[in-house]
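Engineer: This structure is in structure tokens; I'll ask about it shortly.
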């Protein structure tokens, strides 16, 4: 059954007119598709059970998604079920297809509920589709018993009932409490057209911070140049190769090049750092505080 370009009423009418398959015919069609990739058999199987997909899609209308889109997703789930169905297991195709149809519709609803990802784990999905129902039942039971539940108690009871962490309940309650709003919407009439986006904090660096950063970088570079100037040529070479390269060289490789032992190179490196520290400390009290 082609779904594109048809409204939900047309799809429903066509589905109701489709043939009803008995168990034997259903099994033959499933084998024909699995073993021979018979597209005509697949078409008959999908068309016969499209009424099941439409019936399940109708149960999700309360989430605000267009019915035609829900039917499209239900149809996709039905086709996935047909592709993965194993007739050798002795299960009716409709029983197997229910799970694929439901999963496809639920994924679509959660993807389109909000621009913010509503949930990805199985527990979050269960909470999304069951929270309001469980909450309503708990409130009815409490009212019948003459009890009054505060928000915290209710969240804890929902957490226990659904079997998810309390933090997930609090997160989902916030997600379900309202729809998305545009940042370009005006805050109020009194604000003379001020938009919500104007209230967002600018995370980029401020001009003063940029100037201060450049000034500090220049001073640090001058200090290091002066400190390196206090070293002899061999010490500068060791420091440069060990610390100023992206891939610093090992003591052993430097020892081989300089004709020294690895331990001697380590000693020269330590002596060079001591000279540099002394030079830096002599230049500014700020450096002394930093190196302390």
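In the numbering used here, the protein residues as written are 97 to 388.
For each residue, glycine too, the CB sits at the ideal point set by N, CA and C.
Between which two residues does the alpha helix (DSSP H) carrying residue 353 extend?
Structural biologist: Start and end: 347-354.
Engineer: Leaving out five residues before and five after residue 317 in sequence, what residues of the same chain have Cβ atoms less than 8 Å from its Cβ?
Structural biologist: The answer is none, since no qualifying residue turns up.
Engineer: Tell me whether residue 244 sits in a helix, a strand or coil according to DSSP, three-state version.
Structural biologist: Looking at residue 244 - three-state DSSP - the assignment turns out to be coil, as it is neither helix nor strand.
Engineer: Which whole runs of the alpha helix (DSSP H) in the region 123-151 are 4 residues long or more, in chain order?
Structural biologist: Counting only runs of 4 or more, we get 135-144.
Engineer: Could you tell me whether the region 190-206 touches the region 160-175, where touching means 3 or more Cβ pairs closer than 8 Å?
Structural biologist: Touching, per the Cβ criterion.
Engineer: Alpha carbon to alpha carbon, how far is residue 304 from residue 313?
Structural biologist: Going by the C-alpha atoms only, they are around 14 Å apart.
Engineer: Which residue from 344, 126, 198 and 262 puts its Cα closest to that of residue 154?
Structural biologist: The candidate whose alpha carbon is nearest that of residue 154 is 198.
Engineer: Would a C-beta distance cut-off of 8 Å place residue 358 and residue 348 closer than the cut-off?
Structural biologist: It is a contact, given that the beta carbons lie within the stated cut-off.
Engineer: Using DSSP with H/G/I as helix, E/B as strand and the rest coil, what is residue 328?
Structural biologist: Coil, per DSSP.
Engineer: Leaving out five residues before and five after residue 355 in sequence, what residues of the same chain have Cβ atoms less than 8 Å from its Cβ?
Structural biologist: There are no such residues.
Engineer: In the DSSP assignment, find the alpha helix (DSSP H) that holds residue 361 and state where it starts and stops.
Structural biologist: Unbroken alpha helix (DSSP H) run through residue 361: 358-379.
Engineer: Check whether the Cβ atoms of residue 152 and residue 170 lie closer than 8 Å to each other.
Structural biologist: Against a cut-off of 8 Å, the Cβ pair of residue 170 and residue 152 comes out as a contact.
Engineer: Return the Cβ separation of residue 140 and residue 123 in integer angstroms, given the expectation that the two are a contact with Cβ distance under 8 Å.
Structural biologist: Incorrect: roughly 13 Å between the Cβ atoms, too far for contact.
Engineer: Once you ignore the five residues that flank residue 346 on each side, which residues in its own chain have a CB closer than 6 Å to its CB?
Structural biologist: The answer is none, since no qualifying residue turns up.
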